[in-house]
Amino acid sequence: MAVSARVGAVVLDVGETLVAEGRMWGAWAHVCGVDTFTFAAALGAAIAAGSHRQVFDVLGVDPEPRRAAFLSLFGGYRPDDLYPDALEGVRLLRGAGYRVGIAGNQRAWSTPALRAAGLEADAYGTSEDWGVAKPDPAFFRRCCAEIGSLPAETAYVGDDPVRDVAAARAAGLRAVWVRRGPWALLGDRDAAQAAEAVVTSLAELPCAVAGLGLVAE
Ligand SMILES: [Mg+2]
0 MAVSARVGAV VLDVGETLVA EGRMWGAWAH VCGVDTFTFA AALGAAIAAG
50 SHRQVFDVLG VDPEPRRAAF LSLFGGYRPD DLYPDALEGV RLLRGAGYRV
100 GIAGNQRAWS TPALRAAGLE ADAYGTSEDW GVAKPDPAFF RRCCAEIGSL
150 PAETAYVGDD PVRDVAAARA AGLRAVWVRR GPWALLGDRD AAQAAEAVVT
200 SLAELPCAVA GLGLVAE
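For the sequence shown, numbering that gives the first Met the number 0 gives the first residue as 0, with consecutive numbering after it.
Written out as structure tokens, the structure reads:
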């Protein structure tokens, strides 16, 4: 009896994969009282040192008392924060027959904002909703559970070599690196070697995922 291959799934990271974070970090610069050039330099130093969260240490600023002002100024993701290829990339993947998930290290408010921006997926999740964040393998197991796929049949697509690429591979998923944004320039180059496919546009994803042997419906 022929056994039909299971349909592959593709889960996409949010920040710098689907969404350009420039406006968000600009809001942080403003509430920290730092010009955007200085803030960007500090953020780059933090990313190169291993974690963007260290940007506030580099600047010597406590973000917590400023968080409400940041959220008020930023207002959450808007449609014009999406990378120009975001809607097309998701549409092409779903049109090719892949199930698509959107899940990243994000606040819970990001999901309704992304849906309102037009990103239609089969499953959504955030680290805040799930109580677990990348690079924890439990985050990737939750991605697979939400979309109903096995790790080996699931490609995780992200820009961060450590938290997306190497972490997805360590959890048994397939890994596609989106080479753009600050993490592509400053992230860990050894971790990026774990990528099984590299794209510079989300429109390349159907071909890249098919190249990994993931079967579309
Ligand atoms: Mg990202």
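The C-beta atom is built at its ideal place from N, Cα and C for all residues, glycine as well.
Using the rule of at least 16 other Cβ atoms within 10 Å of the residue's Cβ for burial, across every protein chain shown, is residue i buried or exposed?
| i | result |
| --- | --- |
| Arg141 | buried |
| Ala122 | buried |
| Gly49 | exposed |
| Leu172 | buried |
| Leu201 | buried |
| Leu42 | buried |
| Leu58 | buried |
| Asp79 | exposed |
| Asp34 | exposed |
| Trp27 | buried |
| Trp108 | exposed |
| Gly88 | buried |
| Gly32 | exposed |
| Phe138 | buried |
To the nearest angstrom, how far is it from the Cα of residue i to the Cα of residue j?
| i | j | result |
| --- | --- | --- |
| Leu185 | Ala191 | 11 Å |
| Leu113 | Leu92 | 17 Å |
| Leu204 | Ala95 | 10 Å |
| Thr110 | Asp56 | 28 Å |
| Ala169 | Trp129 | 19 Å |
| Ala207 | Ala116 | 25 Å |
| Val197 | Ala183 | 11 Å |
| Gly180 | Gly147 | 30 Å |
| Ala67 | Arg77 | 18 Å |
| Glu63 | Ala209 | 44 Å |
| Thr199 | Val177 | 6 Å |
| Ala144 | Gly25 | 35 Å |
| Pro160 | Glu195 | 12 Å |
| Gly212 | Val99 | 16 Å |
Could you give the first and the last residue of the continuous alpha helix (DSSP H) run that contains residue i?
| i | result |
| --- | --- |
| Arg98 | Not the alpha helix (DSSP H): Arg98 falls in the beta strand (DSSP E), residues Arg98 to Gly103. |
| Ala154 | No alpha helix (DSSP H) contains Ala154, which is instead part of the beta strand (DSSP E) from Thr153 to Gly157. |
| Arg208 | The identity of residue 208 in the sequence shown is Val, whereas the question assumes Arg. Looking at the DSSP string, the run of the alpha helix (DSSP H) that includes Val208 is Leu204 to Gly210. |
| Gly94 | Ala85 to Gly94 |
| Val30 | Gly21 to Cys31 |
| Arg140 | Pro136 to Ile146 |
For residue i, does the three-state DSSP call read helix, strand or coil?
| i | result |
| --- | --- |
| Trp176 | strand |
| Gly14 | strand |
| Ala8 | strand |
| Val54 | helix |
| Thr199 | coil |
| Gly59 | coil |
| Leu184 | helix |
| Ala81 | Position check: residue 81 holds Leu in this sequence, whereas Ala was assumed. It is a strand residue. |
| Ala122 | strand |
| Trp108 | coil |
When the distance is taken between beta carbons, is residue j closer than 9 Å to residue i?
| i | j | result |
| --- | --- | --- |
| Val214 | Ala193 | no |
| Arg52 | Val30 | no |
| Tyr97 | Leu17 | no |
| Ala44 | Val54 | yes |
| Glu127 | Arg90 | no |
| Leu11 | Val131 | no |
| Arg162 | Asn104 | yes |
| Glu152 | Gly7 | yes |
| Gly75 | Ala102 | no |
| Arg22 | Phe69 | no |
Span of the beta strand (DSSP E) holding residue i?
| i | result |
| --- | --- |
| Ala45 | Careful: Ala45 lies outside any beta strand (DSSP E), inside the alpha helix (DSSP H) at Thr35 to Ala48. |
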